[in-house]
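Shown next, in structure tokens, is the structure this report addresses.
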Amino acid sequence: METLINSTLSDELQELYLENKEWLSDILFLEDEMRFFKNLFDQVLSGKIERENLQQLEMISASLNVILERRKQLKNVLECRKSQLEQLLGGNAVKIEIELIEEDAAIIAEIKSLMAAEKLLKDELFTLAEQQKANTGPIVSRPLKVQRYSIF
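In terms of the working numbering, the sequence shown opens at residue 9 and continues consecutively.
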């Protein structure tokens, strides 16, 4: 009976480990996507900005910074989680508690929240870029400097 329990537990831990690796992969994909956003953001800022878009631009910049920080924290959590699961699978750690499952639920919720926030930001950035592209007579006569809205 004990072997069955250990075998089942081992299978579940392996599944958690594989899920963790998948989550890390998702985060790395989001990092690549964010580099694309940064390039688009820089292109938007390299042109002349209409006054009514300045507030939206500042909000996008602030959102980018928040998302970058959240992703960085989540990546650290996932790296720690991966190490913890490796120890459990290797038999180095014996104690498994309900917190392990609760942490997984929290990680999944944060990943979903982060992906939703990035999708919303992407939509806002694309809309702003399209507006800037369509504008022929900007109100602001001088281009804004990219350094003013640093996102990295």
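Here a beta-carbon is modelled for each residue, glycine too, at the ideal position from N, C-alpha and C.
In summary, F37 is exposed, with fewer than 16 beta-carbon neighbours lying within 10 Å of its beta-carbon over all protein chains present. For E126, the enclosing alpha helix (DSSP H) starts and ends at E107 to A142. A direct Cα-to-Cα measurement between A142 and F49 gives close to 16 Å. When only Cα atoms are considered, L65 and D131 end up about 13 Å apart. Counting C-beta atoms within 10 angstroms of its own C-beta, F45 has 16 or more neighbours from the protein chains shown and is therefore classed as buried.
In the structure shown, G98 adopts helical secondary structure according to DSSP, grouped into three states. Non-local beta-carbon contacts of R79 in its own chain, meaning distances under 8 Å to residues more than five positions away in sequence, involve I35, L38, E39, M42 and L122 in chain order.
Between the C-alpha atoms of E27 and L108 there is a straight-line separation of about 13 Å. Rounded to whole angstroms, the gap between the alpha carbons of K29 and Q95 is 15 Å. Within the stretch 31-72, no run of beta strand (DSSP E) reaches 3 residues while sitting entirely inside it. When E110, S71 and K83 are compared, the shortest CA-CA separation from S33 is found for K83.
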